[in-house]
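What follows is a set of notes on a single structure, which appears directly below.
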Amino acid sequence: MTTERINGTTRGVYIIAPTPFSDSGEIDFNSIDKLMDYYLQSGVDGLTILGVLGEATKLSPEESRAIMARVFKRIDGKLPIVVGASNPGTDNLARFSREAMDMGAAGVMIAPIPGLKTDDQVYNYWSVVLERLGHDIPVCYQDYPQTTSVVTSVSVFNRLVAAFENLVMLKHEESPGLPKITAVRAAEQKGQRRVSILIGNGGLHLPQELRRGADGAMTGFAYPEMLVEVCRKFYAGDIEAAEDVFDVYLPLLRHEQQLGFGLAIRK
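For the sequence shown, position 104 (counting from the first letter as 1) is numbered 202 according to our numbering, and the numbering increases by one without interruption.
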């Protein structure tokens, strides 16, 4: 059994799990079991459920809890699990986050609510959320402006890192976003607390992002074994071999990342 929680040094591949549905629109729990078995065999370092591409917004609270319970039962402590807990209501967000942690989650992933336009609005929203969650719930900041329309500046993110120790991870999906990784790591060189940076966007720029200082990937590419192998070769210093593996899968990755169709292709 693992009791590992995400922290500022977390690295590797945390695969984003889609939510299987039947043809009639019901949750397909048998397919959830098969998917979890596949992830365990693929060598990933962790798992993330109920994210944006986990279609959490389509689920009722009861369905989200049922999926969470099924995943935790099937994984049975073999992998750390991050649970998406985004919700426009802060109390609902905090309540579900606590339920996830009580079930054994390694942390929660949260995206900002749409409509935040200024640095002050972004900072104030996150201040309320992070304070409400408390110091004992590790938080992954999902920076995904393509879906939330919320742009988080480096200065705001760094202010939040300085103010809230429970903010331990950045799920970096801004595109193009290489300069943000560089800027966060540069701030750490000057004394800022270190956070883990796991990249998304299907891993489309994984080798370049690893070079900039990313710690791994948190994304849902349909062939997670590629992400695992690229990261492990990179960690071992065999960067050319890592890029060779990546290049073999790049046509599939680009095919999966088609705007508006990506999740359907992945499934």
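No residue lacks a Cβ here, since even glycine has one placed at the ideal position from N, Cα and C.
Buried or exposed: where does residue i fall if 16 or more other Cβ atoms within 10 Å of its Cβ makes it buried?
| i | result |
| --- | --- |
| E124 | exposed |
| N374 | As displayed, the chain neither begins before 99 nor continues past 365, which places residue 374 out of reach and without an answer. |
| V121 | For the sequence presented, residue 121 should be read as Asp rather than Val. Under this definition D121 is an exposed residue. |
| V356 | The question names Val, but residue 356 is Gln in the sequence shown. With fewer than 16 other Cβ atoms within 10 Å, it is exposed. |
| A203 | buried |
| D336 | exposed |
| S49 | Missing from the structure shown is residue 49; the chain here goes from 99 to 365 and no further. |
| H353 | exposed |
| D241 | buried |
| G232 | exposed |
| S162 | buried |
| M99 | Its pLDDT being 49, under 50, M99 is placed unreliably by the model, and the measurement read from it follows with that caveat. Exposed is the call here. |
| D189 | exposed |
For residue i, which beta-bridge partners are listed by DSSP?
| i | result |
| --- | --- |
| Y239 | I208, L268 |
| L296 | K269, G314 |
| V111 | A315 |
| F119 | I125 |
At what residues does the alpha helix (DSSP H) containing residue i begin and finish?
| i | result |
| --- | --- |
| A368 | In the structure as shown, the chain starts at 99 and stops at 365, and residue 368 therefore has no counterpart that could be examined. |
| L276 | 276–287 |
| I165 | 159–173 |
| I337 | 337–354 |
So what does DSSP say about residue i, is it helix, strand or coil?
| i | result |
| --- | --- |
| L258 | helix |
| T216 | coil |
| F319 | coil |
| I125 | strand |
| T146 | strand |
| G301 | helix |
| I104 | coil |
| L176 | In the sequence on display, residue 176 carries Lys and not Leu. Three-state DSSP puts K176 in coil, outside helix and strand. |
| E307 | helix |
| N185 | coil |
| S247 | coil |
| D234 | coil |
| A154 | helix |
| A334 | coil |
| V193 | Correcting the residue identity first, residue 193 is Arg in this sequence and not Val. It is helical. |
| L325 | helix |
| E229 | helix |
| Q290 | coil |
| M99 | At M99 the pLDDT is 49, less than 50, meaning the model places this residue with poor confidence and gives no usable figure here. |
How would you write the range of the beta strand (DSSP E) that residue i sits in, first residue to last?
| i | result |
| --- | --- |
| V180 | 179–182 |
The region 341–348 touching the region 315–332, judged by at least three CB pairs closer than 8 Å: Taking 8 Å as the limit for Cβ pairs, the verdict is that the region 315–332 does touch the region 341–348.
Can you find at least 3 beta carbon pairs, one from the region 150–164 and one from the region 172–180, that sit closer than 8 Å? Using a Cβ-Cβ distance cut-off of 8 Å, the region 150–164 and the region 172–180 are not in contact, since fewer than three pairs of beta carbons, one from each stretch, lie closer than that value.
Between the region 275–284 and the region 307–320, do three or more beta carbon pairs fall short of 8 Å? Touching, per the Cβ criterion.
Tell me whether the region 260–272 and the region 217–231 touch, counting them as touching only if at least three CB pairs, one residue from each stretch, are closer than 8 Å. Touching, yes.
Is the region 286–300 touching the region 104–111, taking contact as three or more C-beta pairs under 8 Å? With the cut-off at 8 Å, the region 286–300 and the region 104–111 touch.
Should the region 167–175 be regarded as contacting the region 210–220, the criterion being three or more beta carbon pairs within less than 8 Å? In short, these stretches do not touch, since the Cβ pair count stays below three.
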